[in-house]
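Peer 1:
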Amino acid sequence: MKKLFGTIGTSLLGMTAAAQTADKPNIIIILADDMGYSDIGCYGGEIETPNIDRLAQNGLRYRRFYNCARSCPTRASLLTGLYPHQAGMGWMAAADLQTPAYQGYLNKQCVTIAEVLQSAGYSTYMAGKWHVSSDRQNKGLVKDNWPLQRGFERYFGIVEGASNYYNVKYTNDNDQAMSPDDGSFYFTHALSDSASAFIARHDFAANPLFLYLAYTSPHWPLHALQKDIDKYTGRYKVGWDRLRRERFERQKEMGLFAADALLSPRDEAVAAWDDLPEREQEEFVRRMAIYAAQIDAMDQGIGRVINSLEKKGQFNNTAIFFLSDNGACAEFVSGGKSKAVNGKADTHESYRIHWANLSSTPFREYKHFTNEGGIATPLIVHYPNGIDRKLNNAFVSDYGHLIDLMATCTDLGKAQYPETFGENSIIPMQGVSLTPNFSGKRMERPSPVFWEHEANIAARDGKWKIVAKTKEGTPFDKSSVKLYDLDADPTEMSDLSERYPERREYLFARWNAWAEDVGVFPLDTRGYGQRQNAYRRVINGEFDDLFGDWNLICRDDAEVNFTIDTENAISGNKTAKIEVVRKGRQPASALMKWTLRLNPSETMAIGFKANADRNTKLFFRIEKVDEPQLNILDEEIRLTPHTETFRFDDITVRKGGAYQIVFYLGDTDGTCRIDAVQLNITN
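Reminder that position 42 of the sequence shown reads as 130 in our numbering, one-by-one numbering, no gaps.
1. Suppose the cutoff is 7 Å on Cβ atoms and the five residues either side in sequence are ignored; what does the same chain contact list for V199 look like?
2. Hey, would you say R158 sits closer than 9 Å to E542, going by beta carbons?
3. Using alpha carbons as the reference points, say which of L584, H436, I491 lies closest to N255.
4. On the premise that P172 lies in contact with A182, defined as a C-beta separation below 8 Å, what is that separation, rounded to the nearest angstrom?
5. Based on DSSP bridge pairs, tell me the residues matched to R735.
6. Tell me which residues share the same chain as N226 and place their Cβ nearer than 7 Å to its Cβ, disregarding the 5 neighbours each side in the sequence.
7. Can T523 and T496 be called in contact, C-beta distance under 9 Å?
8. Would you tell me roughly how many angstroms separate the C-alpha atoms of I710 and D701, rounded to the nearest one?
9. Apart from the five residues just before and just after A359, which ones in its own chain have a Cβ nearer than 6 Å to its Cβ?
10. Excluding the five sequence neighbours on either side, which residues of its own chain have a C-beta within less than 7 Å of the C-beta of G528, listed in chain order?
11. Measure the beta-carbon distance from D387 to T137 and round it to whole angstroms, keeping in mind my assumption that it falls under 8 Å.
12. Taking the C-alpha atoms as reference points, what is the distance between E460 and E453?
13. Could you check which residue in N414, D434, N430 has the C-alpha nearest to that of A464?
14. Within 10 angstroms of its Cβ, does L427 collect 16 or more other Cβ (buried), or is it exposed?
15. I need the boundaries of the alpha helix (DSSP H) containing Q225, first residue and last residue.
16. If you compare alpha carbons, which of T704, D637, L446, Q174 is closest to D329?
17. Mind pulling the beta strand (DSSP E) runs of 3 or more residues that sit fully within the region 446 to 503?
18. Within a Cβ cutoff of 6 Å, which residues of the same chain sit near D763, ignoring the five residues on either side of it in sequence?
19. Might you give, ordered along the chain, the residues of its own chain that have their beta carbon closer than 8 Å to the beta carbon of I140, omitting 5 neighbours on each side?
20. So for E560, helix, strand or coil by DSSP?
21. Which of the three DSSP states is assigned to C130 in this structure?
22. Going by DSSP in three states, S251 sits in which element: helix, strand or coil?
23. Using 8 Å as the Cβ pair cut-off and three pairs as the minimum, do the region 419 to 433 and the region 394 to 401 touch?
24. Taking the beta strand (DSSP E) that D678 belongs to, which residues open and close that run?
25. On the three-state DSSP scale, how would you describe D263?
26. Beta carbon of L205, beta carbon of G176: below 9 Å?
27. Among N661, D632, R742, which residue has its Cα nearest to the Cα of S222?
28. Using a Cβ-Cβ distance under 9 Å, would N481 count as near chain B?
29. Can you tell which of T212, N719, V537, D757 has the C-alpha that lies nearest to the C-alpha of G744?
30. Check whether the region 254 to 269 and the region 294 to 301 touch, using three or more Cβ-Cβ pairs below 8 Å as the test.
31. Tell me, please, which residues DSSP counts as bridged to D348.
32. Find the nearest neighbour of R598 within the set A385, D714, W552, judged by alpha-carbon distance.
33. Between which two residues does the beta strand (DSSP E) harbouring E437 extend?
34. Have a look at R726 and C642 and give me their C-alpha separation to the nearest angstrom.
35. Please state whether the Cβ-Cβ distance between W73 and R619 is less than 9 Å.
36. By the DSSP assignment, the beta strand (DSSP E) with Y752 in it spans what residues?
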């Protein structure tokens, strides 16, 4: 990748702490999750966000700031100052798509803002959602890419992408535990309280603070406290059509959009509010009231964070950035034990495309897509000691991108972005500092900015933008690329491709060169489930990710220890070790299984290596989930202290569906080791 921003790799060794930290602001980045462009008050919304609005009134608002359309890519870009593909997170943490750009976790060719600011004397804290480490590795408790391993000194939150708000498996530094189940816990408040505690306990006389506060609010599931829900139930009875118009009028009145700007039409998938039966209206009112309550709770917490800064006398010397990780979420989610829409712990619901269309006001599209509704986020910057007070409550017309936050933090913190980190060469940061805007100057951006997510693409250069939406499962079609003049047409209503074909071709050529450079190709148009299913076929058979994605089961009254043996490994550095102890007269039992989906007429070959401390019976099976009569392999194997290789070829799948590969120790005690599980599937 060509250097788009200069770097300096000199060492900070020998500098005193005082020299490193003098005249440096504290820096706090606050990230909302799945919040739409127009939801907060200072961007036109009717949700009560007085604390966020206070930051805007006494700071700057960007008319157009851009994220990366989805959680993982956005968080990777925000943290590293790179495009997500350069950091290894071109898609999601749910799968390693077997290319460096889409490996699903932060690579070693990037550094985080925390790592860079640490070198400049900052103490670094994080509260919230991480979501830039592999889901498989998280399940195996491989912590190489957890916050403490990527520059943060303290951490409280979830390393995964979503959770129940009341019952949470949280991570405290590097340890995990379950939240209390006495009704006292609500995750949004726990994150705010943790962030406030970090501030309260920090010694500002010793060094400045960097805090990354990444809320899960208002990401599904719809979970909120009743007192907050009650504030909003009556507010949404007028429906989404009227509220979209009202939000847009407020946006124009406050100067966010010009008076002649156009509101995009209601999404074709959304019915007119007045056409809905009363019963459906009532349910949708409840959905939006809970969503609004989630944002309200986040704003309450931000107020407590501000209060903590004020108590420490640090509010004016803190640069606070507030933004969202993608556009509004139109995903249909419905699960949980209860189907009631009431915000309680036993529900698992989303607010649906109907209200997402409101949250995206005035834009088209949502999370996943690279139209403005998918990638435009509010950005509020509050920094009294660093922003010209004449600019308070002003809008910034320059557009910015997540890649700019690393450059801005490095600039503010007087830090030096490294060319190498540890033993690894580091990709130069891709953004430009936002700090010229703090004194009313314009940014100088040397290159267009680019996007690709699930083969939805875009590029922006000045007022010009190309964008293409790709239907899941269909090849990318260049003819779908549209051209917009965002100065004249901020809501992408008028495609100018035919009028300015040379501009469209120029921008697409720039995008194509960027895509080639960062490893986008070949464009992958598979859906979420297809990508996950393909990754399930890449079995964690060498246990490099410990027991990640293996399901370990034992009978309740059995004593079974599943461990990774590194001292007596069969193959490579890690081997699965299963110790089974008989209790009383009943045999102990243990299962280690791997689930995946298979298609009819596919042929499998599978092999593994194993041994035991003494002669032991092992059952090896490939079972059809819920249809045991269709099991395609059932073998009884005798293990001995001598390592043997077992292989089974030409296993034909008669019926497609969910299968599980099972190692079953069912009638004996003892210790066995399993390794080098290899799976090959052919059509």
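No residue lacks a Cβ here, since even glycine has one placed at the ideal position from N, Cα and C.
Peer 2: Looking at the coordinates:
1. Within the same chain, V199 has close Cβ partners T168, P506, F509, I514.
2. Yes, Cβ-Cβ distance for R158 and E542 is below 9 Å.
3. Checking every option, the nearest Cα to that of N255 belongs to H436.
4. The pair is not a contact, with the Cβ atoms about 14 Å apart (cut-off 8 Å).
5. The bridge partners DSSP lists for R735 are G695.
6. V247, E248.
7. Yes, the Cβ-Cβ distance between T523 and T496 is below 9 Å.
8. Those two C-alpha atoms are separated by around 25 Å.
9. Taking C-beta separations shorter than 6 Å and ignoring five residues to either side along the sequence, A359 has no partners in its chain.
10. If the five residues before and after G528 are omitted, its C-beta is found closer than 7 Å to the C-beta atoms of D476, L479, all from its own chain and listed in chain order.
11. Confirmed, Cβ separation roughly 4 Å.
12. Between E460 and E453, the C-alpha separation is close to 7 Å.
13. Checking every option, the nearest Cα to that of A464 belongs to N414.
14. First, the residue type needs correcting, since residue 427 is Lys and not Leu in the sequence shown. Burial state of K427 is exposed, judged by a 10 Å Cβ sphere holding fewer than 16 other Cβ atoms.
15. 223 to 227 is the extent of the alpha helix (DSSP H) around Q225.
16. Looking from the CA of D329, the closest CA among T704, D637, L446, Q174 belongs to L446.
17. DSSP runs (the beta strand (DSSP E)) wholly in the region 446 to 503: 464 to 470, 482 to 484.
18. The beta carbon of D763 lies closer than 6 Å to those of I658, S659, T663, K697 in the same chain, with the five residues before and after it left out.
19. Exclusion of the five residues before and after I140 leaves I128, G129, C130, D387, I390, F410, I468 as the residues of its chain whose Cβ lies within less than 8 Å of its Cβ.
20. Correct three-state label for E560: coil.
21. In this structure, C130 counts as helix in the three-state DSSP scheme.
22. The answer is coil: DSSP assigns S251 none of H, G, I, E or B.
23. In the pairwise beta carbon analysis, the region 419 to 433 is classified as not touching the region 394 to 401: fewer than three pairs are separated by under 8 Å.
24. One detail in the question is off: residue 678 reads as Ala in this sequence, not Asp. Counting along the chain, the beta strand (DSSP E) containing A678 begins and ends at 678 to 686.
25. Correct three-state label for D263: strand.
26. Here L205 is not near G176, since their CB atoms are 9 Å or more apart.
27. Cα-wise, what sits closest to S222 is D632.
28. Protein chain content of the structure displayed is limited to a single chain, and chain B is not contained in it.
29. Among T212, N719, V537, D757, the Cα nearest to that of G744 is on N719.
30. Three or more beta-carbon pairs separated by less than 8 Å are not found between the region 254 to 269 and the region 294 to 301, which leaves the two stretches without contact.
31. For D348, which the question treats as bridged, DSSP gives no partner whatsoever.
32. The shortest C-alpha separation from R598 is found at W552.
33. Looking at the DSSP string, the run of the beta strand (DSSP E) that includes E437 is 435 to 437.
34. The straight-line gap from Cα to Cα measures roughly 20 Å.
35. In the structure as shown, the chain starts at 89 and stops at 771, and residue 73 therefore has no counterpart that could be examined.
36. Residues 745 to 753.
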